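First comes the structure, then the notes that go with it.
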Amino acid sequence: MIEMQFLGTSAGIPSKSRNVTGLVLRLLPLKDQILVDCGEASQHQLMRSSFAITRIKHIFITHMHGDHTLGLPGLLASRSLLGSKEPVTVTGPAGIQKFVQDSLDATFCNLDFELKFNEIAKGIDFSTQIPGFKVSSISLKHNIPSYAYRFEQSKPHRTFLVEKAKSLGIPEGHLYKDLQLGKTITLEDGRSFHGEDFLSKPKKPLVLIVGGDNVNPSLVSPFLEHADVFVHEATYTHSDFEKLPRKLFHSTVEQVAKVAQEAKVKNLVLTHFSPRYHDPRLDAFPSIEALAKEHFDGQLFLAEDLAKFELGKPGDALVRTN
Ligand SMILES: [Zn+2]
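Residue 130 in our numbering is what sits at position 130 of the sequence shown, and the numbering runs on without skipping anything.
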């Protein structure tokens with residue numbers, strides 16, 4: 001089961017109701033927590049969440065803009081002061097290591113844990129294995145290098161068909177273990193069995209895609225086919241985007257909804273909303289939701305700060321739990 005909670009859902013600057021970008025997630029029953037983006041004050045939001053700063057082991061940064069990165073040095077410093085000794089790996093665009101290291105050095109901060117970096121070279125697909133997930137990057141279009149991350153559950157559990165083994169008279173013990181490991185065994189009577197035939201069908205892995213800032217959501221389309229959840233920015237509505245004095249490299253609500261519809265995405269979560277929509281007196285979100293629903297008929301959520309979601313198994317509907 002994937003659990004995720006939004007730490008910030010605003011674009012560019014925070015407002016009274018929404019912080020800048022951050023998303024924390026975990027694959028239960030694993031305890032390691034994963035952070036995607038770390039805008040300023042993400043650590044404050046974490047304190048209000050049901051996740052813990054000390055359990056964050058893997059951090060993925062979509063791009064270098066401050067509303068996605070400026071909380072990172074402070075979060076790492078606090079994690080160290082709180083006594084966490086477990087290493088942390090930060091994955092992100094070129095420049096992430098220098099930014100973090102310079103900030104820590106300039107503030108005379110020595111972390112009590114090992115900090116490792118993976119920098120994504122421009123134009124080269126990146127993938128890595130972390131407990132529970134294979135994570136790969138998808139290049140997006142923004143005014144600086146920006147990525148989406150695709151989290152695919154690694155090797156979903158397959159159960160050993162013990163009754164089948166028993167019914168064929170295979171003696172219990174080490175032979176069962178070999179079959180579970182997928183090996184081929186030969187009995188004393190000469191019969192051979194393949195481990196593959198004694199494991200339940202491989203389950204489809206859970207797949208979650210979290211995008212960074214991006215003016216062209218269709219770049220993610222090839223990766224959406226088996227995705228269970230698609231989280232993407234929708235900074236503006238189309239009509240507001242058209243009125244901007246200079247075009248910014250962001251997606252519109254309508255664009256993302258159309259891409260998700262074409263890919264038959266089951267669960268779409270829109271986030272990273274321009275502060276122009278935040279004032280509650282405007283009551284802008286019901287109409288944003290209606291706009292998205294004109295183009296997308298799957299399950300839709302507009303993210304809010306600290307909104308928490310669960311996804312049980314592949315094909316399930318995403319459920320908001322708070
Ligand atoms: Zn942003």
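The beta-carbon is built from N, C-alpha and C at its ideal position, and this holds for glycine as well. Owing to the predicted nature of the structure, the values given are computational and were not obtained by experimental measurement.
Helix, strand or coil: how does DSSP classify Phe309 here?
For the purposes of this step, residue 309 is taken as residue 309 along the sequence shown, with counting starting at 1. Three-state result, Phe309: strand.
Since Ala303 and Thr69 are thought to touch, with beta carbons under 8 Å apart, how far apart are those beta carbons, to the nearest angstrom?
Counting from one through the sequence shown, the residue named residue 303 turns up at place 303. Counting from one through the sequence shown, the residue named residue 69 turns up at place 69. 19 Å between Cβ atoms; not a contact.
Bridge partners - Phe301, DSSP secondary structure assignment
In the sequence shown, residue 301 corresponds to position 301, counting from 1. According to DSSP, which records beta bridges pairwise, Phe301 is partnered with Val269.
Own chain partners of Val215 with C-beta closer than 7 Å, once the 5 adjacent residues on each side are dropped
As a working note, residue 215 is residue 215 in the sequence shown. Taken in chain order, the residues that qualify are Lys141, His142, Phe249, His250 and Ser251.
Since Ser136 sits in a beta bridge, which residues does DSSP pair it with?
Your numbering for residue 136 matches position 136 in the sequence shown. According to DSSP, Ser136 bridges with Ser127 and Arg150.
Alpha carbon to alpha carbon, what distance is there between Phe151 and Pro202?
For the purposes of this step, residue 202 is taken as the residue at position 202 of the sequence shown. For the purposes of this step, residue 151 is taken as the residue at position 151 of the sequence shown. Roughly 18 Å separates the two Cα atoms.
Taking DSSP as the reference, what is the three-state secondary structure of Leu181?
One-based indexing of the sequence shown puts residue 181 at position 181. Leu181: coil per DSSP, three-state reduction.
Rounding to the nearest angstrom, what Cα-Cα distance links Ile124 and His272 in this structure?
As a first step, residue 124 is located in the sequence shown; it is residue number 124 there, counting from the start. As a first step, residue 272 is located in the sequence shown; it is residue number 272 there, counting from the start. Each residue's alpha carbon lies about 26 Å from the other.
If you count every other CB in all the chains shown that lies within 10 Å of the CB of Glu294, and 16 or more means buried, which is it?
On the sequence shown, residue 294 is found 294 positions in, with the first residue counted as 1. That one is exposed.
Compare the beta carbon distance of Pro314 and Asp213 with 7 Å and say whether it is the shorter of the two.
Translated into positions along the sequence shown, residue 314 becomes position 314. Translated into positions along the sequence shown, residue 213 becomes position 213. The answer is no: Cβ separation not under 7 Å.
Let me know the alpha helix (DSSP H) ranges lying completely inside the segment 196-257, each 4 residues or longer, listed in chain order.
238-243
Helix, strand or coil for Ile59, going by three-state DSSP, please let me know.
On the sequence shown, position 59 is the one that residue 59 refers to. Ile59: strand per DSSP, three-state reduction.
Consider the C-beta atom of Asp305 and the heavy atoms of ligand 1; say whether any pair is separated by less than 6 Å.
Residue mapping note: residue 305 aligns to position 305 of the sequence shown, counting from 1. No, the beta carbon of Asp305 sits no closer than 6 Å to any heavy atom of ligand 1.
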